[in-house]
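Count the sequence shown with our numbering and you get residues 1085 to 1209, in order.
Let me begin by presenting the structure, written as C-alpha cells, before commenting on it.
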Amino acid sequence: MNEQAPEVPTQSAGLEEERKPVVFAVRIDPVLREQIEGLRGITEQSVNDVGVEALNDWVAKTLADEAIGQKAMTELDAEEQRLQERRAAIAGILGQTATVAETTGDAAPERSSQGSRRGKPRTES
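Structure, rendered in C-alpha cells:
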C-alpha cells in the first residue's frame, strides 16, 4: 500500500493543544483484507477511513450496552474499596486514624498523640 498518512480532523474537548492521531494496527484474516480492499476501491475510502469508521461504530455500540455500563460501575466500586483499604493501611503505618470521611476526602488526616513526624513528643505552649 502506498498511502500517505491521512489528515484526521482533531476533536478539541476544551483542550487548546492539538491531538495527533496515533497508529492502531490490527491483524485480520486475508479474506477480510481482500474484501476491504475491494470495497474501499469502490467507495474511494482509505484503509484508515474504513478502520476509524468501524472502530467508532464499535465504541458507540459498546458504550450503549447496559451490561458494559454496569460492569464499569462495579469495577469503579471495587477500585474505590481498594483505595480506601490502602488509605487505611498507610494511615495505620503513619500512626493516623483513617475515618470514613477521610477516605472520601472530606476531612484532613488526624495525627496520633504519639508525637511529631520524627517521633519527638509534642509540647504544648
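All residues carry an ideal CB built from backbone N, CA and C; glycine is no exception.
{"Check": "Using only the alpha-carbon positions, how far apart do G1153 and E1164 sit?", "Outcome": "16 angstroms"}
{"Check": "By how many angstroms is the C-alpha of L1167 removed from the C-alpha of Q1119?", "Outcome": "48 angstroms"}
{"Check": "Closest by CA to I1112, which one among K1104, Q1180, A1148, E1121?", "Outcome": "E1121"}
{"Check": "Measuring only between beta-carbons, confirm whether N1140 sits less than 8 angstroms from chain C.", "Outcome": "Looking for chain C here will not work: only one protein chain is present."}
{"Check": "Assuming R1124 contacts V1131 (C-beta within less than 8 angstroms), just tell me the rounded distance between them.", "Outcome": "6 angstroms"}
{"Check": "Go ahead and pull the three-state DSSP assignment for E1169.", "Outcome": "helix"}
{"Check": "According to DSSP, is A1185 helix, strand or coil?", "Outcome": "Any reading at A1185 needs caution, since the residue's pLDDT is 47, under 50, leaving its predicted position unreliable; the model's value is listed next. Helix."}
{"Check": "Going by beta carbon distance, what residues of the same chain come within less than 7 angstroms of M1157, once the five residues before and after it are set aside?", "Outcome": "none"}
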